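Student: Below is one structure. I have some questions about it.
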Amino acid sequence: MNSKTLQNQITYQKTMINANLKYFKPSTAKKQKTFLDEITLSLNNKPKSISPKFFYDETGSKLFDEICSLPEYYLYDSEIEILSNIKTDIKSYIDSEIHLVELGSGSSIKTRILLDTLYSLQTSVEYFPIDISDILTHSTQELSSIYKDLKITGIIDTYENGLNFIEHYDDKPNLVSFLGSSFGNFNPNEGIDFLRTISAMMKESDLFLIGFDLKKDESVLHNAYNDSKGVTAKFNLNVLKRINTELNADFDLSKFAHHAVYNELQGRIEMYLKSLCTQTVKIPDVNMSINVLKDELIHTENSYKFSISQIESKLEKASIGINKIWYDSRNYFALVLGQKI
Ligand SMILES: C[S@@+](CC[C@H](N)C(=O)[O-])C[C@H]1O[C@@H](n2cnc3c(N)ncnc32)[C@H](O)[C@@H]1O
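In the working numbering, the protein residues as written are 267 to 607.
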């Protein structure tokens, strides 16, 4: 293991698994400090909130995979359907050897469809997954055992820091993918800023593949975020368990309930943890007490649903031109291939 320090002063520990697989991770102390600082700040805000990026500890990442296997969670099936159907089409946009960069790679299952496409065009492929979750260590080892020659450099950090890490890696073009409609977690202004960050780091020869969840019947949305097996509820509540484990807090999970509603005006699913009684939660390590009222909502996630004109406008504002938009058979989801203009 050795390390690399970036311009923005983040020191990464490098772990080499084999000649083809390595990953970089900020020190545990730095990760814990960021978690503590952000959580204490957002739980003291009015209204209280917890960033959705903190859902993904090991259990959270496993629960998310479980959500993807639920029939109600149409987002996963829809995007897989599109990716499986566009293998030939997407090749017509690639005219030289290209790397694959993936934002929020998670378990890297959808990645396999993209890798198969790239391997049908070129003899070697380099893959750069970026994910805040340690799941990256498992998913990359699994990929490595399937694609023996695949060169993988994983970055276990935020999207922004990961992009910063790989910028100027070499002159070869990148296919930057951002799947799962994770873009929907950003509020409108943050989303455009994020697209601008991506656009700024892209070379003209790079391609950008991004998934958007489309506006649809409210009952379909409701069921997707309130599944009958209660897996989404477990996923939502798990963030409190994580705060207990990592920050020594004393959230009583039985005193909170999962609450997900569609806000039509804002065009987004809003996810909350609802307090079932008036209570005080303590984080003794930072000498903090958080008073929570009965029925008070702690906001944990927004998941925006888009129209095509909203998608076009957002990409345009970030100077990303659209090459092609693909849809699934139910028109639930759109996958957009773009390029910097
Ligand atoms: C909704 S899941 C999508 C996973 C996969 N791309 C898919 O489509 O099935 C979001 C993934 O992004 C990661 N993630 C969430 N917020 C992040 C952030 N701010 N920076 C880096 N990764 C993040 C999570 O750990 C998780 O693996």
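The beta-carbon is built from N, C-alpha and C at its ideal position, and this holds for glycine as well.
Just so we're clear, the structure is a prediction, and the values are computed from it rather than from any experiment.
#1: Can you list, in chain order, the residues of its chain whose CB lies under 7 Å from that of Met267, leaving out five sequence neighbours each side?
#2: To the nearest angstrom, report how far apart Asn557 and Cys543 are at their CA atoms.
#3: Use the C-beta contact count for Arg596: other C-beta atoms within 10 angstroms, 16 or more gives buried, fewer gives exposed.
#4: State buried or exposed for Leu531, treating a residue as buried only when at least 16 other CB atoms are found within 10 Å of its CB.
#5: Note down, in chain order, each residue of its chain lying with its Cβ closer than 6 Å to the Cβ of Val505, except the 5 sequence neighbours on either side.
#6: Between Ser569, Ser308, Leu441, which lies nearest to Asn451 when the distance is taken from Cα to Cα?
#7: So, for Ile458: in the same chain, excluding its five sequence neighbours on each side, which residues have a beta-carbon less than 7 Å away from its beta-carbon?
#8: Can you tell me whether DSSP reads Met267 as helix, strand or coil?
#9: Between which residues of its own chain and Leu384 is the CB-CB distance below 8 Å, once the five residues before and five after are set aside?
#10: Assuming contact is defined by CB atoms lying nearer than 8 Å, are Tyr342 and Cys334 in contact in what I supplied?
#11: How big is the Cα-Cα spacing for Phe394 and Ile422?
#12: Could you check if Tyr393 belongs to the surroundings of ligand 1, using beta carbon to heavy atom distance under 7 Å?
#13: Cutting at 8 Å between CB atoms, please list the residues of its own chain near Asp472, excluding the five before and the five after it.
#14: Do you know how far the Cα of Phe501 is from the Cα of Ala600?
#15: Checking the sheet assignment: what are the DSSP bridge partners for Met282?
#16: Please state whether DSSP places Leu336 in a helix, a strand or coil.
#17: Report the CB separation of Lys571 from Ser541 in whole angstroms; it is logged as a contact under 8 Å.
#18: Could you check where the alpha helix (DSSP H) with Lys482 kicks off and where it finishes?
#19: With a threshold of 7 Å, establish whether the CB of Ile396 neighbours any heavy atom of ligand 2.
#20: Could you confirm whether any beta carbon from chain B is found closer than 8 Å to the beta carbon of Gly457?
#21: Under 8 Å, with one C-beta from each stretch per pair, do the segment 280-295 and the segment 510-518 reach the 3-pair mark?
#22: Using CA coordinates, which residue listed in Ile396, Leu559, Ile348 is at the minimum distance from Leu380?
#23: Let me know if Leu519 comes out buried or exposed under the rule of 16 or more other beta-carbons within 10 Å of its beta-carbon.
#24: Among Asn453, Lys328, Leu309, His525, which residue has its Cα nearest to the Cα of Phe517?
#25: For Val527, which beta-bridge partners are listed by DSSP?
#26: Determine the burial state of Ser327: buried for a count of at least 16 other Cβ atoms within 10 Å of its Cβ, exposed for fewer.
#27: With DSSP as the reference, label Met626 as helix, strand or coil.
#28: Report back the beta-carbon spacing between Phe478 and Ile398 to the nearest angstrom; my notes put them in contact at under 8 Å.
#29: Check for me: the beta strand (DSSP E) holding Thr544 runs from which residue to which?
#30: For Asp551, which residues in the same chain have their Cβ closer than 7 Å to its Cβ, ignoring the five residues on either side in sequence?
#31: When you compare only the Cα positions, how much space is there between Glu484 and Ala490?
#32: Less than 8 Å between C-beta atoms, sequence neighbours within five positions excluded: which residues of the same chain meet that for Ser447?
#33: Should Leu445 be listed as close to ligand 1, given that the test is whether its C-beta is under 7 Å from any heavy atom?
Tutor: By the coordinates alone:
#1: Residue placement at Met267 is flagged as unreliable, the pLDDT there being 47, under the threshold of 50; a coordinate-derived value is accordingly withheld.
#2: Just so you know, the alpha carbons of Asn557 and Cys543 end up roughly 11 Å apart.
#3: Arg596 comes out exposed.
#4: exposed
#5: Ile316, Phe320, Phe321
#6: Here the closest residue by C-alpha is Ser569.
#7: Lys580, Lys583, Ala584
#8: Residue placement at Met267 cannot be trusted, given a pLDDT of 47 that sits under 50; the coordinates are not used to answer.
#9: Ile360, Ile364, Leu366, Val391, Leu441
#10: yes
#11: 10 Å
#12: no
#13: Pro439, Asn440, Leu441, Val442, Gln605, Lys606
#14: Their backbone Cα atoms lie some 25 Å apart in a straight line.
#15: Lys288
#16: coil
#17: That belief does not hold up - the Cβ atoms of Lys571 and Ser541 are roughly 27 Å apart, past 8 Å.
#18: It is not in any alpha helix (DSSP H) - Lys482 carries neither H nor E in the DSSP assignment.
#19: With respect to ligand 2, the structure shown offers nothing to examine, as its ligands consist of ligand 1.
#20: Structure shown: chain B not included; a single protein chain is present.
#21: no
#22: Ile348
#23: Under a 10 Å Cβ-count criterion, Leu519 is classified as exposed, with fewer than 16 other Cβ atoms of the shown protein chains found around its own Cβ.
#24: Leu309
#25: Glu536
#26: The C-beta of Ser327 has 16 or more other C-beta atoms within 10 Å across all chains shown, which makes the residue buried.
#27: The first residue shown for the chain is 267 and the last is 607, placing residue 626 beyond what the model contains.
#28: So it is not a contact: roughly 21 Å between Cβ atoms.
#29: DSSP places Thr544 outside any beta strand (DSSP E), giving it a letter other than H or E.
#30: Leu513, Asn514
#31: Straight through space, the alpha carbons of Ala490 and Glu484 are spaced by roughly 10 Å.
#32: Leu341, Glu345, Gly477, Phe478, Asp479, Ser569, Phe599
#33: yes
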